[in-house]
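The working numbering numbers the first residue of the first sequence as 2 and each following residue consecutively.
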Amino acid sequence: MERVLVCCAWPYANGPIHVGHVTGSLLPADIFARFNRLVGKDVMMVSGSDMHGAPITVSAHKEGVSPEEIADRYHRINSKAIEDLGISFSLYTHTHTRDHEEVAKEIFLKLMENGHLSRKSTPQYYCTRCSRFLPDRYVEGSCPHCDNEHARGDQCDSCGMDLNAEELSDARCQLCGSTPELRETEHFFLRLSDFTDELTRYVERCDHWRTHVRSFTLNVLRDGLIDRPITRDISWGVPVPVEGFESKRMYVWFEAVMGYLSATKEWAAARSAPDDWERFWKDGSVKSYYFLGKDNIVFHTVIWPAMLLGVGGLNLPHNVVANQFMNFGGQKFSKSMGVSIDIPDILTKFSADVVRYYLTANMPEFKDSEFTWKDFAQRINSELVATFGNFVHRAMSFTFKNYGAIPHKGELDERDKAMLARVDEAGRDVLRSLGACEFREAMKSLMDLAQSGNQYFDAVAPWSLVRTDKERCGTVLHVSLEICKALAVLSYPFMPSSAERMWRGLCMEGSIEENGTNGMEMPLKEGSTMEKPAPLFAKVETGESEAFSKHSALDLKVGKVTDVQAHPNADKLYLMDVDVGKPMRIVSGLKDYYTADELREKVLIIVTNLEPAKLRGVMSEGMLLAAEEGGALALLTPEKPLPAGTQISSGLDVGGGRLSFNEFQKLEIRAGTLVQADPPKLDVGGRTVSCTVTSGEVGRRYAAYVRGSSALVMYGPDDTKVVFDRDIAAGARIR
RNA sequence: AGCGGGGUGGGGUAGCUUGGAAAUCCCAUCAGGCUCAUAACCUGAAGAUCGUUGGUUCAAAUCCAACCCCCGCUACCA
């Protein structure tokens with residue numbers, strides 16, 4: 002039996018997985034694995050949680066727990082989420098296992114034995130009080146390029162320059178504040194340069210790779226590879242199996258990729274066949290596929306292959322299927338910015354198959370894609386429910402109602418034959434696309450077949466045939482059910498549980514999983530009594546998806562006042578012309594607070610998607626934001642100058658639809674004082690809520706959305722937050 | 001900043017490697033039809049001078065150059 006190894010990038014155990022992980026690697030890997038099982042191949046599919054590395058120690062330090070506790074927590078959460086999503090791993094493990102440690106040490110020693118490691122001493126800061134070496138980011142000091150005294154050792158947040166910790170004057174340990182000393186420390190380096198030529202030849206052969214993966218890799222190789230350190234001075238990670246290195250650990254990027262191999266070995270050991278892993282790694286006819294995001298390409302096209310070459314005797318990746326990114330409201334997913342949709346969350350609202358559908362249909366295969374709740378609801382409702390689900394349901398429920406069983410197939414006319422030929426054609430299309438890892442295309446072919454089904458059903462009109470020619474009606478229904486059967490089998494890689502439900506609904510024996518694509522040829526069992534069909538998918542109520550985003554339906558932009566005039570017919574109102582990237586007329590009630598001259602040239606924050614409204618006879622197209630508290634009023638403004646029209650974000654979907662004034666009033670936006678930075682807390686007047694903020698200054702007052710017990714500080718590009726032009730009390734309501 | 005990818009009707013996309021009758025498909029919009037089905041389905045229409053500016057050519061979305069914008073990597077998010 003032909004064998005396939007499916008490898009999926011290892012989610013980092015520092016937070017719950019989100020839709021980006023799923024659409025970027027987990028889901029394409031699973032679809033591909035299921036497809037291969039369907040066509041009868043022996044599939045090994047592995048991944049796990051990446052448990053090591055500095056970010057986890059940082060989280061642990063923040064929470065005051067051990068790194069292991071953090072890693073274990075998210076490993077549990079993510080294992081569950083992955084299972085709930087129906088991702089069919091042979092084994093989903095993690096990198097903090099004995100197996101992995103052994104494999105990592107073994108590979109390390111083998112690379113050393115083969116002469117691909119070198120040792121080098123470099124100076125690094127060591128904190129005597131903490132008795133540890135400090136990673137660059139843990140060192141704080143004065144930036145040599147600007148006056149910032151709080152530059153981190155890797156980068157200055159103030160001027161943005163890249164730094165080495167040694168460049169800082171007045172270096173301090175960020176953990177305890179004491180002055181660290183520079184010490185020599187010795188590390189191992191992977192001699193990547195040994196492999197440049199061989200890797201170049203290898204990648205040049207791989208012309209079946211996606212072009213962006215291949216050209217990017219070739220470019221990296223053309224620049225020449227630099228030897229990289231593979232050990233570092235931290236205590237969390239895989240120990241280095243060399244005397245004198247007891248206090249050091251392997252770099253996580255070096256050790257985590259080995260997880261593919263160690264997971265396969267762990268799988269084999271669990272089956273009491275410890276040598277079984279070799280069938281997937283040493284047999285040159287086995288093709289291995291790696292699914293990951295574009296940020297991860299070099300690790301899989303250069304570094305891991307170099308390691309495999311250095312060890313020798315192990316298969317190189319056959320294909321590295323890298324996806325682009327799925328963004329959310331124009332922003333990349335990022336936990337720190339509060340821009341993410343966690344899988345555990347979304348699964349409380351929607352079934353796995355529905356989520357899988359959307360994430361496949363919108364998969365960022367060749368370029369970035371955008372997740373919006375509006376698009377989510379739309380695609381589910383009009384594609385999955387209306388086209389696909391509805392065809393299956395109308396065919397099955399009509400048959401059930403009028404026959405109660407699978408009807409007899411009589412003589413086929415030209416149209417029936419053409420339809421069945423179309424089914425075969427669609428089957429070939431779907432399977433071809435799946436084999437080429439073109440999942441959106443495959444899904445499209447599947448949907449096209451559902452549409453053809455609808456067209457056929459309409460053309461043969463069984464609802465009138467049933468009254469005139471019941472025999473012929475049975476035949477066209479039989480053909481329709483054939484289409485359903487094909488849809489069931491072909492949709493299995495994408496939506497496995499719905500597919501199996503359809504299979505059972507058609508009175509077919511066994512399961513799709515057991516029969517594979519042979520199920521396409523298996524005849525329907527005429528005369529079998531059917532169960533009453535139920536719709537496969539329910540429509541998504543707009544409210545359900547809005548629940549996630551209603552607080553962010555505001556489209557805020559930076560606006561520059563170009564002209565201010567008194568309203569001809571009102572005491573308190575101004576007519577303001579504001580540039581928000583385009584001119585906009587705004588009527589505002591600021592006359593009691595600001596003179597026209599004070600307002601001219603001012604830079605404000607404008608709601609640009611409000612329903613226009615007439616105020617004392619003049620149309621107002623937008624609204625400027627101001628905070629109000631006990632008779633005092635302050636205008637919202639960006640803390641640094643931003644050009645007119647710049648998008649200001651709460652971090653989530655900007656919506657795009659028009660917002661009525663009533664809806665706007667339901668939103669809670671307040672002035673809040675940042676009372677602590679880590680974890681960030683915001684005082685919004687009488688109560689303190691947790692908040693997300695990009696890099697706030699404690700004691701400063703910011704504008705923030707408040708929802709429940711958390712808040713989202715509004716911000717523009719470059720972490721520019723929204724502040725006030727006059728002092729205003731914390732808790733002031735913004736409108 | 002360097003490197004890679006992308007910029008096609010309102011939104012998403014195909015085509016661009018091998019230039020050729022003003023361009024594919026889905027959604028939304030509009031007009032019809034049907035009534036089996038989750039107001040679902042089917043048919044038809046309107047809608048783009050293919051990021052900008054130049055160039056090559058009889059002919060460019062498609063090739064070349066410059067520029068603008070978005071994203072990623074370089075810098076521990078798929």
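C-beta: ideal position from N, C-alpha, C; glycine also. Being a predicted model, the structure only gives us computed values, none of them experimental.
Please classify residue i as buried or exposed, where buried requires at least 16 neighbouring CB atoms within 10 angstroms.
i      : result
Phe377 : buried
Leu591 : buried
Ile227 : exposed
Gly25  : buried
Ala567 : exposed
Trp210 : buried
Ser179 : exposed
Trp464 : exposed
Tyr716 : buried
By the DSSP assignment, the beta strand (DSSP E) with residue i in it spans what residues?
i      : result
Ile607 : 604 to 608
Lys561 : 557 to 567
Pro584 : 584 to 589
Leu183 : 182 to 191
Leu576 : 575 to 580
Lys121 : 118 to 128
Phe372 : 370 to 372
Phe300 : That residue, Phe300, is in no beta strand (DSSP E); it is neither H nor E in DSSP.
Gly294 : 288 to 294
Ala323 : 320 to 324
Once DSSP output is grouped into helix, strand and coil, what is the label at residue i?
i      : result
Arg502 : helix
Lys1   : Because the chain is modelled from 2 through 736, residue 1 falls outside the range shown and cannot be assessed.
Val258 : coil
Ser48  : strand
Asp137 : helix
Phe725 : strand
Ala10  : coil
Asn516 : helix
Pro365 : coil
Leu110 : helix
Ala172 : strand
Ala645 : coil
Lys699 : The amino acid at residue 699 is misidentified as Lys; the sequence shows Val. If DSSP states are grouped into helix, strand and coil, Val699 belongs with coil.
Thr29  : At residue 29 the sequence reads Pro, which differs from the Thr that was named. Helix, per DSSP.
Thr94  : strand
Ala730 : coil
Ser745 : Outside the displayed range of the chain (2 to 736) lies residue 745, so it cannot be described from this structure.
Asp343 : strand
Asp1   : No statement about residue 1 is possible, as the shown extent of the chain runs from 2 to 736 and does not include it.
Lys526 : coil
Leu482 : helix
Lys266 : helix
Less than 8 Å between the beta carbons of residue i and residue j, yes or no?
i      : j      : result
Lys561 : Ala645 : yes
Ala487 : Ala427 : yes
Ala264 : Leu421 : no
Cys485 : Leu507 : yes
Gln175 : Glu199 : no
Val647 : Lys558 : Reading off the sequence, residue 647 comes out as Thr, not Val. Taking 8 Å as the Cβ cut-off, Thr647 and Lys558 qualify as a contacting pair.
Val258 : Ile304 : yes
Phe190 : Ile231 : yes
Phe392 : Asn455 : yes
Phe440 : Thr361 : yes
Ile78  : Pro17  : yes
Val214 : Thr302 : yes
Val104 : Lys266 : yes
Ala269 : Trp282 : no
Met531 : Phe401 : yes
What residue from the options has the CA that sits closest to residue i's CA?
i      : options                        : result
Leu675 : Ala731, Gly436, Pro642, Pro639 : Ala731
Asp284 : Lys641, Ile735, Val5           : Val5
Asn363 : Ala172, Phe495, Arg192         : Phe495
Trp237 : Asn220, His97, Asp728          : His97
Starting from residue i, follow the alpha helix (DSSP H) in both directions and report where the run begins and ends.
i      : result
Tyr252 : Segment: none, Tyr252 is in no alpha helix (DSSP H) and carries neither H nor E.
Thr58  : 55 to 64
Ala460 : 440 to 461
Phe217 : 212 to 223
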